[in-house]
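Those protein sequence lines, which keep their order, are chains A and B.
Note that the working numbering has the first sequence beginning at 21, numbered continuously upward.
Note that the working numbering has the second sequence beginning at 34, numbered continuously upward.
From the three backbone atoms N, C-alpha and C, an ideal C-beta is built for every residue, glycine too.
Bear in mind that the values here come from a model prediction, so they are computed numbers and not experimental data.
Notes for the one structure printed next.
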Amino acid sequence: MAQMAQDQSAFRMELRSWLEANCPAEMRDGNSSRDHTCWGGRNWVFESEAQETWLNRCIEKGYTVPTWPKAYGGAGMNRAEEKIWQEELARIEARRPLDSFGIWMLGPALLHFGTEEQKKKYLLPIARGEIRWCQGYSEPGAGSDLASVQTKCEDKGDHWLVNGQKIWTSYADKADAIFALVRSDRDAKKHLGITFLLIDMETPGVSTRPIKLISGMSPFCETFFDNVEVPKEDEDGISSVVGTINRGWDVAKYLLTHERSMISAIGSGTGGMRPLAQILTDDGAELDPVLRAAAIKAEIDSLATGLTLERYKDMAEAGQGVGDASAMLKYVGTELNKDRHELMMAAGGSDALEWDGPYGSRPADWLRTKANSIEGGTSEVMLSIVSRRVLGLPG
Amino acid sequence: MTEEETMLADSARGFLDENAPVKQLRDLRDAGKTFDKALWQEMAKMGWAGILVPEDQGGSDMGHAAVGILAREMGKTLVASPFLSSAVIAATALRQVSDSRAQQALSAIASGEVTYALAVDEGPKFSPEKTEMSATRDGNSFRLNGEKTFVVDGALADRLLVLARTDAGLTLFDLPADRDGVTRDQKGMIDSRDAAKITFDNVEATGEDVLGNVDHAMKVLQPALEAGQAALAAEMSGVAAGAFGMTVGYLKERKQFGVLIGQFQALQHRAADLWCHTEVTASAVAHAGRMLDEDPENASLAVSLAKARATDTAKRAVIEGVQMHGGIGMTDDFDMGFYMKRARVAAEWLGDYGYHAEKIAKIRGL
Numbered sequence: 021m022a023q024m025a026q027d028q029s030a031f032r033m034e035l036r037s038w039l040e041a042n043c044p045a046e047m048r049d050g051n052s053s054r055d056h057t058c059w060g061g062r063n064w065v066f067e068s069e070a071q072e073t074w075l076n077r078c079i080e081k082g083y084t085v086p087t088w089p090k091a092y093g094g095a096g097m098n099r100a101e102e103k104i105w106q107e108e109l110a111r112i113e114a115r116r117p118l119d120s121f122g123i124w125m126l127g128p129a130l131l132h133f134g135t136e137e138q139k140k141k142y143l144l145p146i147a148r149g150e151i152r153w154c155q156g157y158s159e160p161g162a163g164s165d166l167a168s169v170q171t172k173c174e175d176k177g178d179h180w181l182v183n184g185q186k187i188w189t190s191y192a193d194k195a196d197a198i199f200a201l202v203r204s205d206r207d208a209k210k211h212l213g214i215t216f217l218l219i220d221m222e223t224p225g226v227s228t229r230p231i232k233l234i235s236g237m238s239p240f241c242e243t244f245f246d247n248v249e250v251p252k253e254d255e256d257g258i259s260s261v262v263g264t265i266n267r268g269w270d271v272a273k274y275l276l277t278h279e280r281s282m283i284s285a286i287g288s289g290t291g292g293m294r295p296l297a298q299i300l301t302d303d304g305a306e307l308d309p310v311l312r313a314a315a316i317k318a319e320i321d322s323l324a325t326g327l328t329l330e331r332y333k334d335m336a337e338a339g340q341g342v343g344d345a346s347a348m349l350k351y352v353g354t355e356l357n358k359d360r361h362e363l364m365m366a367a368g369g370s371d372a373l374e375w376d377g378p379y380g381s382r383p384a385d386w387l388r389t390k391a392n393s394i395e396g397g398t399s400e401v402m403l404s405i406v407s408r409r410v411l412g413l414p415g
Numbered sequence: 034m035t036e037e038e039t040m041l042a043d044s045a046r047g048f049l050d051e052n053a054p055v056k057q058l059r060d061l062r063d064a065g066k067t068f069d070k071a072l073w074q075e076m077a078k079m080g081w082a083g084i085l086v087p088e089d090q091g092g093s094d095m096g097h098a099a100v101g102i103l104a105r106e107m108g109k110t111l112v113a114s115p116f117l118s119s120a121v122i123a124a125t126a127l128r129q130v131s132d133s134r135a136q137q138a139l140s141a142i143a144s145g146e147v148t149y150a151l152a153v154d155e156g157p158k159f160s161p162e163k164t165e166m167s168a169t170r171d172g173n174s175f176r177l178n179g180e181k182t183f184v185v186d187g188a189l190a191d192r193l194l195v196l197a198r199t200d201a202g203l204t205l206f207d208l209p210a211d212r213d214g215v216t217r218d219q220k221g222m223i224d225s226r227d228a229a230k231i232t233f234d235n236v237e238a239t240g241e242d243v244l245g246n247v248d249h250a251m252k253v254l255q256p257a258l259e260a261g262q263a264a265l266a267a268e269m270s271g272v273a274a275g276a277f278g279m280t281v282g283y284l285k286e287r288k289q290f291g292v293l294i295g296q297f298q299a300l301q302h303r304a305a306d307l308w309c310h311t312e313v314t315a316s317a318v319a320h321a322g323r324m325l326d327e328d329p330e331n332a333s334l335a336v337s338l339a340k341a342r343a344t345d346t347a348k349r350a351v352i353e354g355v356q357m358h359g360g361i362g363m364t365d366d367f368d369m370g371f372y373m374k375r376a377r378v379a380a381e382w383l384g385d386y387g388y389h390a391e392k393i394a395k396i397r398g399l
C-alpha cells in the first residue's frame with residue numbers, strides 16, 4: 021500500500037514537471053468547453069500555434085489517449101494513473117489536448133471488438149488527431165428507440181450499398197468518416213439485423229445538412245446516404261465492418277454504456293471542470309441567499325456524483341460489470357448539468373442574456389445543456405432501464 | 034467494495050438478520066425499552082465494540098471504512114445500540130489522547146463493559162462552537178453547570194463526554210454518568226431509542242477528567258465528531274437501503290387494477306430515481322470512510338458531504354417508501370414508520386443538512 025502510494029506520487033511529480041515544461045501558457049485557460057478544444061481531422065485549422073504545439077507534444081507521449089496501449093498511440097496508463105493525469109491537468113487548468121468521437125467511442129469499440137488489423141489501421145490516426153470521426157446512430161424514426169434503425173445496407177458482392185438518413189449526427193459536416201448503424205437484415209428481429217459500418221464521408225452519395233438549434237449553434241446534422249458504395253475491404257483486406265455482420269447492436273450497446281458514463285462526467289464537476297462556486301462568484305457577483313442555497317445543493321450533488329463516477333470507473337477496471345448502471349450515471353450527470361447551467365444563468369442576471377455579452381458563450385451553453393438529457397438516451401429511457409434491468413421491476 | 038469489505042458486510046448481515054431484525058426494535062419499544070444490553074455484549078464479542086480500538090487495548094482496529102460497512106448494515110434493520118456513541122465517537126476521542134487512563138477506557142469500550150454518550154448539544158440544533166455550559170475553576174478542579182439536550186444514548190451510558198466552556202476556550206470532560214450533581218432525564222424519542230436531557234448542577238471535575246488539553250477540546254473532539262458523522266451517514270445510507278428494499282419488494286408483489294403496481298411507469302420512475310439517489314450517496318459515504326482512514330486531517334469535506342447527502346437520501350427513501358406503499362405504509366403494524374422516524378432523528382444528530390451544507394460551502398468558497 022505504502023509502496024503503491026509512493027509510486028503514484030513519483031508518477032504525479034513526473035507528470036507535473038512534464039506539464040510545467042510542455043503545456044503552453046495559452047493552453048492553461050481552463051477552457052475545455054467543446055468549442056475550444058482541438059478536434060483534429062484532415063481539415064482541422066489550429067486556432068493558434070500553441071494549440072498545435074500542445075497537441076503534438078501530447079501525441080509524442082501518448083497523452084491524447086492516456087489509457088490506450090502504447091502500441092496504438094496511448095500511454096498505457098491504468099485507472100489510478102489516468103486519474104492523476106486528469107488531476108494534474110486540472111491543477112494548471114490545462115485544456116484537453118484533443119477531443120473526438122474517435123477517442124471517446126470508436127476507439128473503445130475497436131479495442132473491444134476490432135481485429136488486430138483494424139486496430140492498427142484506425143487507432144493510431146485517432147490518437148494523433150489525423151482523422152475526425154462522427155457517430156451515425158439516430159434516425160428520424162429511431163431516436164430513443166435506437167434499435168429501429170432503417171438505413172438500408174445491401175450486400176453487393178465487393179461492396180455494401182447504403183441508402184437512408186441519419187439525424188442528430190454530431191459535427192457530421194466537419195467529420196472525415198462516420199461509424200454508423202445500418203439495417204443489414206430486414207427479416208431478422210430488430211436487434212439482430214444491424215451492422216456497425218465504417219464509412220468515409222467523402223464517398224459519393226454522402227451529404228450532410230447542419231441543424232440550427234435554439235442555442236444558435238449547429239453541432240448536429242442530418243446525414244444522407246444516397247446509393248453509397250462502401251467497399252467491404254480496403255486494399256489491405258481490412259474489413260469496414262466492426263464486430264460481426266448483423267450483430268452491430270452488441271457494439272452499439274457496448275458503446276452506449278460507454279457514452280453514458282462519458283456524458284455523465286459533464287455534470288459532475290470532474291474531468292477538469294471548475295467548482296461551481298468559483299464560476300458563480302468569479303466576477304465578484306454576490307449571490308442572494310436563495311440562489312446561494314441552490315448553488316450549495318448543486319455543489320454537494322456535483323461532488324457526490326463525481327465520486328460515483330470514480331467509483332464506477334474503479335469497478336469497471338476491477339472487472340465488475342457496470343452495464344445497465346451506466347444509465348444511472350447518465351441520468352444523474354445530465355440532470356445535474358442542466359441545474360448547474362440554470363444557476364449560472366441566474367447568477368449572471370441580465371448580463372447573461374446577451375449572445376455575445378460579458379459572459380461569452382454562457383447563454384448558448386445553457387441552451388445546449390437541454391439536449392444532455394435527450395441525446396444518448398433520454399432521462400426517461402434511462403429510468404426505464406434502471407427500473408427494469410437494475411431493479412427488476414415487471415415490464 | 035473490496036473483498037474484505039464484502040465479507041464483513043455479509044457476516045454482519047447474517048448476524049443482524051438473526052439477532053436484530055426490525056422486529057427486535059419493535060419489541061424493545063413495546064416493552065418500553067431503548068436498548069438491549071445482551072445484544073451489545075454479543076456485538077462486543079465479535080469485535081464491533083472495539084472496531085476503532087488498537088489491538089493492544091483488546092480492539093479489532095479495523096478502521097473507519099469498516100465502521101461504515103457495519104453502520105450501514107445496522108441501519109438496514111434499524112439496530113438500536115451504542116455503536117456510534119461508544120465504539121465510534123468515544124473511541125476516536127480517546128485515541129487522540131495517549132495516556133494510560135485513555136488506554137484503559139479504550140479497553141473498557143472494546144470489551145463492551147462500558148458505554149459512552151456524547152453531551153454536546155444545548156439547543157434544538159447542533160452547534161458545538163456555541164456551547165454555553167460552563168466549567169469554572171475551583172481550586173485544582175472545575176465546577177460544571179448547565180444543561181445538555183439530545184444526548185443520544187445518554188440515559189443508559191456509563192460515562193459521558195461533556196463539552197463545556199472554560200476560561201479561554203472549550204474543554205472536553207470524560208465523566209462517570211453517576212457523578213454527584215448529574216441528573217438524567219430520558220426523553221421519549223420518535224425513533225424509540227435512548228436520548229436524554231442531562232443537567233449538571235455544580236458537578237465537580239478534576240484535571241484527571243479532562244480529555245486532551247484544557248481550552249482545546251476541538252483537537253480531540255473534531256476527529257471524534259467527524260468519525261461519528263461519517264458513521265451516522267453510513268447508518269442513514271443503510272436506513273435508506275432498508276426502506277428502499279421494502280418498497281421495491283412491495284412493487285413486485287402488490288396488485289391493483291389487476292396488475293402488479295411495479296408495472297406502472299409512474300412508480301417505476303420514482304423507484305429508479307430513488308435508486309440513483311442512493312447510489313450517489315453510497316459513493317459519498319464510502320469516500321468519507323476512506324478519507325478518515327487515509328488522510329484524516331483533510332477529511333472534513335468528505336465527511337460533511339456524506340452526512341448531507343445521506344440525510345437527503347434517507348429522507349427521500351422514507352417519504353417515497355410510505356407513498357409507494359399506500360395506506361399500509363401509514364400503519365404502525367408495518368415497519369416503514371420506524372424507518373421514517375429513525376431517518377428524522379439521524380437527520381438532526383451531529384449536524385443537519387444545513388449545518389453540513391454550510392461547512393461544504395465554506396470549504397468550496399461559496
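Next on the checklist: DSSP three-state label for Y394 of chain A, please.
Outcome noted: Note on identity: in this sequence residue 394 of chain A is Ile, with Tyr being the wrong assignment. Residue state, collapsed to three classes: coil.
Next on the checklist: Going by beta-carbon coordinates alone, are L441 of chain A and I234 of chain A separated by less than 8 Å?
Outcome noted: Chain A is shown only over 21 to 415; residue 441 of chain A falls outside these bounds and no answer can be derived.
Next on the checklist: Taking a contact to mean a Cβ-Cβ separation below 8 Å, would you say R62 of chain A touches I151 of chain A in this structure?
Outcome noted: yes
Checklist entry - Tell me which same chain residues have a C-beta within less than 8 Å of the C-beta of T311 of chain B, skipping the five on either side of it? => result S270, A273, A274, F277, T346, A350
Checklist entry - Nearest to L254 of chain A by alpha carbon, out of A:L212, A:D178, A:D385, A:L130? => result The question names Leu, but residue 254 of chain A is Asp in the sequence shown. Closest by alpha carbon: A:D178.
Checklist entry - Are the CB atoms of I122 of chain B and G261 of chain B nearer to each other than 8 Å? => result Taking 8 Å as the cut-off, the beta carbon of I122 of chain B is found closer than this to the beta carbon of G261 of chain B.
Item to check | C-beta neighbour in chain A for Q301 of chain B, strict 8 Å | outcome: Residue-level contact check: Q301 of chain B touches chain A, since one or more beta carbons of chain A fall below 8 Å from its beta carbon.
Item to check | Test: V310 of chain A CB closer than 8 Å to a CB of chain B | outcome: no
Checklist entry - Helix, strand or coil: which one does DSSP assign to K317 of chain A? => result helix
Item to check | Within the stretch 225-279 of chain B, ranges of the beta strand (DSSP E) (whole runs, at least 3 residues) | outcome: Within the stretch 225-279 of chain B, the complete beta strand (DSSP E) runs of at least 3 residues are 228-239.
Item to check | Cross-chain neighbours of S404 of chain A in chain B, by beta carbon under 9 Å | outcome: Q298, Q301, H302, A305
Checklist entry - Could you check where the alpha helix (DSSP H) with P145 of chain A kicks off and where it finishes? => result 136-147
Checklist entry - In three-state DSSP terms, what is T243 of chain A? => result Strand at T243 of chain A.
Checklist entry - Under 7 Å Cβ-Cβ, which residues of chain A neighbour E312 of chain B? => result T328, M348
Item to check | For D186 of chain B, the three-state DSSP class (helix, strand or coil) | outcome: coil
Item to check | Under 7 Å from the C-beta of R342 of chain B: neighbouring residues of chain A | outcome: Neighbours of R342 of chain B in chain A, taken as residues whose beta carbon is under 7 Å from its own, are I320, A324 in chain order.
Next on the checklist: Give me the subset of the stretch 365-398 of chain B whose CB atoms are less than 7 Å from a CB atom of chain A, sorted by chain position.
Outcome noted: Listed by position, the residues of the stretch 365-398 of chain B near chain A (Cβ gap below 7 Å) are A390, I393, A394, R397, G398.
Next on the checklist: Can you give me the C-alpha to C-alpha distance between K288 of chain B and I294 of chain B, rounded to a whole angstrom?
Outcome noted: 6 Å
Checklist entry - At a Cβ threshold of 8 Å, is V342 of chain A touching chain B? => result no
Checklist entry - Helix, strand or coil: how does DSSP classify P251 of chain A here? => result P251 of chain A sits in a strand when the DSSP states are folded into three classes.
Next on the checklist: Within 8 Å, do at least three Cβ pairs link the stretch 190-206 of chain A to the stretch 115-130 of chain A?
Outcome noted: yes
Checklist entry - Does the separation of the CB atoms of F367 of chain B and V55 of chain B fall below 8 Å? => result no
Next on the checklist: Within 10 Å of its beta-carbon, does Q301 of chain B have 16 or more other beta-carbons around it, so buried, or fewer, so exposed?
Outcome noted: buried
Checklist entry - What residues in its chain sit with their C-beta under 6 Å from that of S288 of chain A, if we drop five residues either side in the sequence? => result Any reading at S288 of chain A must be qualified, since the residue scores a pLDDT of 48, below 50, and its modelled position is unreliable; the value itself is stated next. Closer than 6 Å at Cβ, skipping near neighbours: S322, T325, G326, L329, G353.
Checklist entry - Just the Cα atoms here: how many angstroms apart are K109 of chain B and V318 of chain B? => result 15 Å
Item to check | Whether R36 of chain A touches E108 of chain A by CB criterion (8 Å) | outcome: Yes, the pair counts as a contact, with Cβ atoms nearer than the cut-off.
Checklist entry - Taking DSSP as the reference, what is the three-state secondary structure of Q289 of chain B? => result strand
Next on the checklist: Looking only at its chain, what residues have a beta carbon closer than 7 Å to the beta carbon of H97 of chain B, apart from the 5 residues adjacent to it on each side?
Outcome noted: Counting only Cβ-Cβ distances below 7 Å, and skipping sequence neighbours, we find A260, A263, G322, L325, D326.
Checklist entry - If you draw a straight line from the C-alpha of Q298 of chain B to the C-alpha of M79 of chain B, how long is it? => result 44 Å
Next on the checklist: Please report the distance separating the alpha-carbon of F206 of chain B from that of M95 of chain B.
Outcome noted: The straight-line gap from Cα to Cα measures roughly 26 Å.
Next on the checklist: So for T311 of chain B, helix, strand or coil by DSSP?
Outcome noted: The answer is helix: DSSP assigns T311 of chain B an H, G or I state.
Checklist entry - Which same chain residues, not among the five before or five after R206 of chain A, have their C-beta less than 7 Å away from its C-beta? => result G213
Next on the checklist: Just to confirm before moving on: does the CB-CB distance between I142 of chain B and A124 of chain B stay below 8 Å?
Outcome noted: yes
Item to check | Where G377 of chain A falls, given that 16 or more other Cβ within 10 Å makes a residue buried | outcome: exposed
Checklist entry - Mapping DSSP to helix, strand and coil, what is Y149 of chain B? => result strand
Checklist entry - Using 8 Å as the Cβ pair cut-off and three pairs as the minimum, do the stretch 224-242 of chain B and the stretch 176-193 of chain B touch? => result They touch, by the three-pair rule.
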